[in-house]
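For reference, the structure is listed below as structure tokens.
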Amino acid sequence: MNKTIFITATDTEVGKTTVSAALAKLAKESGINVAYFKPVETGCENKCMDAKFLSKITGQPYEEVVLYEFKNPVAPIVAEKEENRKISIEEINNHLKKLQQKYDFLIVEGAGGVAVPITEKGEKIYTYLDFALENRLETILVARASLGTLNHTYLTVEALKRRNIKIKGIILNKYPLRDTLSEKTNPFYIKKLTNIDVISICKEKPDFVEECSKKLKEFFEIFQYMV
Numbered sequence: 000m001n002k003t004i005f006i007t008a009t010d011t012e013v014g015k016t017t018v019s020a021a022l023a024k025l026a027k028e029s030g031i032n033v034a035y036f037k038p039v040e041t042g043c044e045n046k047c048m049d050a051k052f053l054s055k056i057t058g059q060p061y062e063e064v065v066l067y068e069f070k071n072p073v074a075p076i077v078a079e080k081e082e083n084r085k086i087s088i089e090e091i092n093n094h095l096k097k098l099q100q101k102y103d104f105l106i107v108e109g110a111g112g113v114a115v116p117i118t119e120k121g122e123k124i125y126t127y128l129d130f131a132l133e134n135r136l137e138t139i140l141v142a143r144a145s146l147g148t149l150n151h152t153y154l155t156v157e158a159l160k161r162r163n164i165k166i167k168g169i170i171l172n173k174y175p176l177r178d179t180l181s182e183k184t185n186p187f188y189i190k191k192l193t194n195i196d197v198i199s200i201c202k203e204k205p206d207f208v209e210e211c212s213k214k215l216k217e218f219f220e221i222f223q224y225m226v
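First residue of the sequence shown: 0, per numbering that gives the first Met the number 0; consecutive thereafter.
Structure below.
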């Protein structure tokens with residue numbers, strides 16, 4: 000297995016890190032040499048919690064997991080200006096390539112939604128869409144299970160398709176234990192709207208990662224052999 004998957008989302012706080020952790024856990028349990036990489040994390044007072052959490056699962060050194068840490072919980076492009084530190088796309092891409100060479104399975108997580116700006120490259124704003132396209136990354140899209148997700152998911156899928164970025168599947172996260180008509184019907188209509196499979200529905204339980212890894216197990220077993 001020699002794969003890289005980009006975990007992106009329709010919005011912030013949707014559960015990308017939960018999905019990343021679940022995939023890392025499944026890979027570890029399967030004996031796969033797995034790594035996690037979050038190019039930029041914001042909202043970090045000391046060490047970033049997401050990176051710290053994932054480094055424990057994968058066994059990586061913390062410094063390998065996240066390149067840029069910022070205190071303010073804002074988009075990377077705003078954070079770099081506030082702290083007067085420039086994000087280098089070249090450095091991010093070089094680090095990505097090193098990890099791809101070192102590990103058999105690399106999980107890359109974005110920040111917020113797929114169109115979130117990372118930095119300015121020349122006179123152009125460089126987003127996670129640009130990052131995924133430049134590095135030819137296939138994606139898993141994480142979306143909310145609740146009301147409003149049809150619009151958000153459709154628009155995100157359209158943005159990815161316009162850049163010819165391949166979507167391996169959609170995960171509906173934070174599915175409530177007491178669902179409404181909206182949650183019950185969203186998976187069907189997301190598939191109808193996007194023609195992309197909803198590969199997993201993760202319920203909102205205390206041990207989110209364990210729940211999500213159970214739900215993703217069947218997909219992961221197939222994913223290992225996908226071309």
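Virtual Cβ for every residue (Gly too), placed ideally from N, Cα, C.
Given Ser19 as reference, the closest of Pro75, Gly42 and Ser54 once Cα atoms are compared: As a working mapping, residue 19 is identified with position 20 in the sequence shown. Ranked by how close their Cα comes to the Cα of Ser19, the residues Pro75, Gly42 and Ser54 have Ser54 in first place.
Three or more C-beta pairs below 8 Å linking the region 25-44 and the region 81-98: Short answer: they touch.
C-alpha gap between Asn92 and Gly58, whole angstroms: Along the sequence shown, one-based indexing puts residue 92 at 93. Along the sequence shown, one-based indexing puts residue 58 at 59. Spanning the two alpha carbons is a distance of roughly 22 Å.
Endpoints, beta strand (DSSP E) assigned at Leu140: In the sequence shown, the residue the question calls residue 140 occupies position 141. Unbroken beta strand (DSSP E) run through Leu140: Glu137 to Arg143.
Delimiting residues of the alpha helix (DSSP H) encompassing Lys51: If you number the sequence shown from 1, residue 51 lands on position 52. Residues Met48 to Thr57.
Touch test, the region 165-181 against the region 194-210, Cβ-Cβ under 8 Å, three pairs minimum: Three or more pairs of CB atoms, one per stretch, sit closer than 8 Å, so the region 165-181 contacts the region 194-210.
Beta strand (DSSP E) segment containing Cys201, residue limits: Residue numbering aside, residue 201 sits at position 202 when the sequence shown is read from its first letter. Counted as a single uninterrupted DSSP element, the beta strand (DSSP E) harbouring Cys201 occupies residues Val197 to Lys202.
Classification of Glu108 by the beta-carbon crowding that lies within 10 angstroms, buried from 16 upward: For the purposes of this step, residue 108 is taken as residue 109 along the sequence shown, with counting starting at 1. Counting of Cβ neighbours within 10 angstroms places Glu108 among the buried residues, the total reaching 16 or more.
Beta-carbon proximity check, Thr138 vs Lys165, cutoff 8 Å: Counted from its first residue, the sequence shown places residue 138 at position 139. Counted from its first residue, the sequence shown places residue 165 at position 166. The answer is yes: Cβ separation under 8 Å.
8 Å Cβ cutoff met for Phe104 and Ile31: Reading the sequence shown from its first residue, position 105 is the one you call residue 104. Reading the sequence shown from its first residue, position 32 is the one you call residue 31. Contact annotation: Phe104 and Ile31 have beta-carbon atoms nearer than 8 Å.
DSSP-derived helix/strand/coil call for Asn172: By one-based count along the sequence shown, residue 172 stands at place 173. Correct three-state label for Asn172: strand.
Cβ-Cβ distance between Thr126 and Ala78 below 8 Å: Within the sequence shown, residue 126 is the residue found at index 127, counting from 1. Within the sequence shown, residue 78 is the residue found at index 79, counting from 1. In this structure, the beta-carbon distance from Thr126 to Ala78 does not fall below 8 Å.
Distance CB(Ile56)-CB(Lys15) smaller than 8 Å: Reading the sequence shown from its first residue, position 57 is the one you call residue 56. Reading the sequence shown from its first residue, position 16 is the one you call residue 15. Not closer than 8 Å, so no.
Three-state secondary structure (DSSP) of Thr3: Reading the sequence shown from its first residue, position 4 is the one you call residue 3. In the three-state reduction of the DSSP assignment, Thr3 falls in the strand class.
Segment limits, alpha helix (DSSP H) that includes Phe187: Position 188 of the sequence shown, counted from the first residue, corresponds to residue 187. Element bounds for Phe187: Leu180 to Thr193.
Of the residues Ile86, Tyr67 and Leu136, the one placed nearest Gly121, counting alpha carbons only: Locating residue 121 in the sequence shown gives position 122, counting from the first residue. Gly121 has its Cα closest to that of Ile86, out of Ile86, Tyr67 and Leu136.
Integer Cβ distance of Thr17 from Cys211, believed to fall under 8 Å: Walking along the sequence shown from the start, residue 17 turns up at place 18. Walking along the sequence shown from the start, residue 211 turns up at place 212. 5 Å between Cβ atoms; contact.
Contacts around Leu159, its chain only, beta-carbon distance under 6 Å, and the 5 residues preceding and following it disregarded: For the purposes of this step, residue 159 is identified with residue 160 of the sequence shown, where counting begins at 1. Closer than 6 Å at the Cβ level, and outside the excluded window around Leu159, lie Ile166.
Through-space distance from Tyr102 to Val64, alpha-carbon basis: As a first step, residue 64 must be located in the sequence shown, where it is residue number 65. As a first step, residue 102 must be located in the sequence shown, where it is residue number 103. Each residue's Cα considered, the two are about 13 Å apart.
Beta-carbon proximity of Pro72 to Ile117, cut-off 8 Å: Reading the sequence shown from its first residue, position 73 is the one you call residue 72. Reading the sequence shown from its first residue, position 118 is the one you call residue 117. Cβ atoms of Pro72 and Ile117: not closer than 8 Å.
Contact check, Tyr61 vs Lys80, beta carbons under 8 Å: For the purposes of this step, residue 61 is identified with residue 62 of the sequence shown, where counting begins at 1. For the purposes of this step, residue 80 is identified with residue 81 of the sequence shown, where counting begins at 1. Taking 8 Å as the Cβ cut-off, Tyr61 and Lys80 do not qualify as a contacting pair.
Exposed unless 16 or more other CB atoms sit within 10 angstroms - verdict on Gly112: Indexing the sequence shown from 1 puts residue 112 at position 113. Counting Cβ neighbours within 10 Å, Gly112 comes out buried, since at least 16 surround it.
Beta-carbon gap between Ile195 and Ile221 smaller than 8 Å: For this step, residue 195 is matched to residue 196 along the sequence shown. For this step, residue 221 is matched to residue 222 along the sequence shown. Their beta carbons are not under 8 Å apart, which means Ile195 does not touch Ile221 by this criterion.
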